[in-house]
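**Q** When we follow the UniProt record's numbering, the leftmost residue of the sequence shown carries the number 1, and every step to the right adds one.
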Amino acid sequence: TNNRGELMAVLDLLDATADTGEDLKVFCDSQYVINALTKWMPGWKRKGWKKADGREVLNRDLLESLDAALTGREVEFEWVKGHSNHAMNEAADDRARAAATAFQRGTPVPEGPGYVPAGTPVSVGAEDAAGAEEAASGATAEATTVVSTRVPAHVADALVSRARARGIHPQEYLAELIGRSLESE
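1) Since residue 45 is in the alpha helix (DSSP H), which residue starts that stretch and which ends it?
2) Count the other CB atoms, across all protein chains shown, that sit within 10 Å of the CB of residue 36; report buried if there are 16 or more and exposed otherwise.
3) Measure the alpha-carbon distance for residue 107 versus residue 47 and round it to whole angstroms.
4) Jot down the residue ranges of each uninterrupted alpha helix (DSSP H) in the stretch 57 to 101, minimum 4 residues, whole runs only, in chain order.
5) Classify residue 176 as buried or exposed, calling it buried when 16 or more other Cβ atoms lie within 10 Å of its own Cβ.
6) To which residues of the same chain is residue 10 closer than 8 Å at the C-beta, ignoring the five residues directly before and after it?
7) Could you give the distance in angstroms between the alpha-carbon of residue 178 and the alpha-carbon of residue 95?
8) So, using beta-carbon positions, are residue 75 and residue 24 closer together than 8 Å?
9) Can you tell me where the beta strand (DSSP E) holding residue 13 begins and where it ends?
10) Within this structure, are the beta carbons of residue 159 and residue 174 separated by less than 8 Å?
11) Who are residue 26's beta bridge partners in DSSP?
12) Let me confirm a value: residue 56 is counted as buried when at least 16 other C-beta atoms fall within 10 Å, else exposed. Which label applies?
13) For the alpha helix (DSSP H) holding residue 108, just list the boundary residues, first then last.
14) Taking 8 Å as the cut-off, decide whether the C-beta atoms of residue 70 and residue 7 are in contact.
15) Taking the C-alpha atoms as reference points, what is the distance between residue 12 and residue 22?
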């Protein structure tokens, strides 16, 4: 169901960030997920994973995994209205659609940028858009480093919007902006 998909997405995020030691703020368009994890789960656990009417809690397997993944973590959940042009929610929807389409076609699921901890060196490969361009031209791919910073929400929204208008990933657009800025100094 869609609820299982939403729960699995949060579990994947928690698993991917388990060793970072960083607090998380999760933007989620599923009130079910937020309420299940922040309001209802303690009562369900006390009642042996039963709801107030005595019926079994649906998705117990995922909820138990999420409960374990949340233990000892500082995770804040914030609800965002789906399909309301929230840049991060739209990006997540785009990735979900791309994955569903790939699955239906039997092709590899595009993984996108994924989560990369700040400061992690990343080698640009031929599968990367820039790496593919360099490979086609015979140039050697330059090693890169992921740089992480906080920006105001309106700045992030503008980056995503402008990148989409150009048909590229926001990370690519930001890298271009940084490169042009450094060249002009």
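Using N, Cα and C, we set each Cβ at its ideal position, and we do this for glycine too. From a predicted model like this one, the values you see are computed outputs, not experimental measurements.
**A** Let me lay it out:
1) 41 to 46
2) buried
3) 43 Å
4) 60 to 70
5) When all chains shown are included, residue 176 counts as exposed.
6) 26, 28, 33, 37, 66
7) So the two alpha carbons sit approximately 25 Å from each other.
8) yes
9) No beta strand (DSSP E) holds residue 13; the alpha helix (DSSP H) holding it covers 2 to 16.
10) Yes; because the gap between Cβ atoms is below 8 Å, this pair is in contact.
11) 77
12) Classification for residue 56: exposed.
13) Neither: residue 108 is in no alpha helix (DSSP H) and is coded neither H nor E.
14) no
15) 16 Å
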